[in-house]
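Right, one structure below, let's go through it.
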Amino acid sequence: MTGLRWGILATGGIAGSFASDLRTAGLDLVAVGSRSQESADAFAARFDIAHAHPSYEALVADPDVDIIYVSTPHPMHHENARLALEAGKHVLVEKAFTLNRAEADDLRTLAAERGLLAMEAMWTRYLPHMVRIREIIAAGSLGEIRAVSADHTQLLPSDPSHRLNALELGGGALLDLGIYPISFVWDILGAPADVRAVGRLVETGADAEVATVMTHAGGAVSTTLSSSRAAGPNVASVIGTRARIDIDTVWYTPTTFRVVGPDGAVMEEYASEVDGRGMQFQALAAERLVGDGLLEGDILPIAESVAIMGTLDEIRAQIGVRYPKEGRTDG
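Count the sequence shown with the numbering used here and you get residues 11 to 341, in order.
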């Protein structure tokens, strides 16, 4: 089966970016669902979508839809993705995949039971410059990888009532921003053997800054930084015994990078040439997987998405962040 028919669940900013990139790639976007008919109609008119549904339930019941992109904030991902899976639809779920590991594991189990694709929309992994970086590492050009560093820092609203700062809405820098460098570290070094985290919480109890140091196989070390209250360089580096890769601002979007030798000589330069924002590559990957009869791929298997949520759970435990829907702490 190829040429999947896409539906988009919710009509926020990220949904608009995804819809635009689907159109750029020539993919078949046929439906959108919102909590109101007015919002669905406006989104459908903007992107020339045939079916505009006034509820998520109506969207997942649409027989003309094969796969649904879940674009709600992460506290709703589990509920919304489960709704789509139970209706027999494949799902591409915005990152962070869910609120915690338990929710992610539940989606993995349900997707397997139904024989459906459940994939995290960590779009950075599918970008051309990340494909090239993995090729360079696999070829041994960097030697043994000893360290990886990445940051995702932005100056975002500090209003306590804003979603980013509201614990009941999964607010905080870690799940909105930190998921990028944490997932990047996993991509390069694999699962951490040890996780150490520090952070600063704001008056709502949400995290504004989070820094991690993790060790990985062979003793390799990674460092990450996320902040919602200050804008940093948003760069990343992969450091090996033979050479390093320096990824430029903004490293998790289509960008440039250099392979630099120990003497400072530039061994390779790469510049991304991407139409649109680059979110279409994950959609194309999802279509290939379903077309090949596969329920997950090598770039980001669902088991890895589940395990990454476990790492985020551990980081939150160390810095003292717990979401209301997870229940009370012992402290």
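From the three backbone atoms N, C-alpha and C, an ideal C-beta is built for every residue, glycine too.
Since the structure is predicted, the reported quantities are computational estimates derived from the model, not experimental observations.
Problem set entry | Own chain residues within Cβ distance below 8 Å of Ala121, not counting five before or after | Setting aside the 5 residues that flank it on each side, Ala121 is surrounded in the same chain by Leu95, Val101, Leu127, Ala128, Leu305, Ile312, each with a C-beta closer than 8 Å to its C-beta; the list follows chain order.
Problem set entry | Unbroken beta strand (DSSP E) run spanning Asp38, endpoints | 38-43
Problem set entry | Own chain partners of Gly320 with C-beta closer than 6 Å, once the 5 adjacent residues on each side are dropped | Counting only Cβ-Cβ distances below 6 Å, and skipping sequence neighbours, we find Arg111.
Exercise. When you compare each of Arg124, Glu154, Ile189, Met86 to Tyr262 by their alpha carbons, which one comes out closest?
Worked result: Ile189
For this session: Kindly identify the DSSP beta-bridge partner or partners of Phe194.
Result: Phe194 pairs with nothing; no bridge assigned.
For this session: Kindly indicate which three-state DSSP category Leu109 falls into: helix, strand or coil?
Result: coil
Exercise. Nearest-angstrom Cα distance between Ile344 and Ala295?
Worked result: Because the chain spans 11 through 341 in this model, residue 344 falls outside it and cannot be assessed.
Problem set entry | Proximity winner among Phe53, Val195, Val158, Gly181, relative to Ala317 (alpha-carbon distances) | Scanning Phe53, Val195, Val158, Gly181 for the CA closest to the CA of Ala317 turns up Val195.
Exercise. Does the stretch 74-88 come within contact of the stretch 104-119, defined as at least 3 CB pairs closer than 8 Å?
Worked result: yes
Problem set entry | Reference Gly288; option with closest CA among Glu89, Gly182, Val158, Leu137 | Leu137
Problem set entry | Best match in Ala218, Val141, Val158 for proximity to Arg173 [C-alpha to C-alpha] | Ala218
Exercise. Which value, in whole angstroms, describes the spacing of the CA atoms of Thr233 and Gly182?
Worked result: Rounded to whole angstroms, the separation of the alpha carbons of Gly182 and Thr233 is 19 Å.
For this session: Note down the Cα distance separating Gly250 from Leu152, rounded to an integer number of angstroms.
Result: A direct Cα-to-Cα measurement between Gly250 and Leu152 gives close to 5 Å.
Problem set entry | Option nearest Leu314 by Cα separation, candidates Gly229, Glu178, Ile192, Gly303 | Residue 314 is actually Glu in this sequence, not Leu. Looking at the Cα atoms, Ile192 is the closest of the given residues.
For this session: Could you tell me the boundaries of the beta strand (DSSP E) in which Arg15 lies?
Result: 15-19
For this session: Taking Val316 as part of the beta strand (DSSP E), name the residues at either end of that continuous run.
Result: Taken as a continuous stretch (DSSP letters only), Val316 belongs to no beta strand (DSSP E), being part of the alpha helix (DSSP H) at 312-329.
Problem set entry | Reference Arg254; option with closest CA among Asp72, Ala91, Arg144 | Taking only the C-alpha atoms, the option nearest Arg254 is Arg144.
Exercise. Below 8 Å, can you find three or more Cβ-Cβ pairs linking the stretch 263-270 to the stretch 15-27?
Worked result: no
For this session: Answer yes or no: do Gly36 and Leu69 have a C-beta to C-beta separation smaller than 8 Å?
Result: no
Problem set entry | Local conformation of Met224 per DSSP, three classes | strand
Problem set entry | Short Cβ contact (8 Å threshold) for Ala240 with Thr134 | No. Outside cutoff.
For this session: Measure the C-alpha to C-alpha separation of Asn90 and Gly180 and round it to an integer number of angstroms.
Result: 15 Å
For this session: Could you give the DSSP three-state label for Arg332: helix, strand or coil?
Result: coil
For this session: Give every residue of the same chain whose Cβ lies closer than 8 Å to the Cβ of Ala176, excluding the five residues on either side of it in the sequence, and list them in chain order.
Result: Exclusion of the five residues before and after Ala176 leaves Pro170, Thr214, Ala216 as the residues of its chain whose Cβ lies within less than 8 Å of its Cβ.
Problem set entry | Residues that DSSP places opposite Phe267 in a beta bridge | Beta bridge pairing from DSSP links Phe267 with Ile257, Tyr280.
Exercise. For Phe57, which residues from the same chain have a beta carbon less than 6 Å from its beta carbon, with the 5 sequence-adjacent residues on both sides left out?
Worked result: Ala29
Problem set entry | For Arg367, the first and last residue of its enclosing alpha helix (DSSP H) | What the structure shows of the chain is the stretch from 11 to 341, and residue 367 is not part of that stretch, so it cannot be assessed.
Exercise. In terms of residue numbering, what span does the beta strand (DSSP E) encompassing Thr234 cover?
Worked result: Following the DSSP letters along the chain, one finds Thr234 inside the beta strand (DSSP E) bounded by residues 231-237.
Exercise. When you compare only the Cα positions, how much space is there between Ala54 and Gln47?
Worked result: Taking the straight line joining both Cα atoms gives about 10 Å.
Problem set entry | Integer-rounded CB distance, given that Leu299 should sit under 8 Å from Gly307 | 5 Å
Exercise. Which residues mark the beginning and the end of the beta strand (DSSP E) in which His61 is found?
Worked result: Going by DSSP, His61 is part of the beta strand (DSSP E) stretching over 61-63.
Problem set entry | Distance CB(Leu322)-CB(Leu199) smaller than 8 Å | no
Exercise. For the beta strand (DSSP E) that contains His84, what are its first and last residues?
Worked result: No beta strand (DSSP E) contains His84, which DSSP labels as neither H nor E.
For this session: Could you please give the first and the last residue of the uninterrupted beta strand (DSSP E) stretch that includes Val103?
Result: 100-104
Problem set entry | Short Cβ contact (8 Å threshold) for His63 with Asp74 | no
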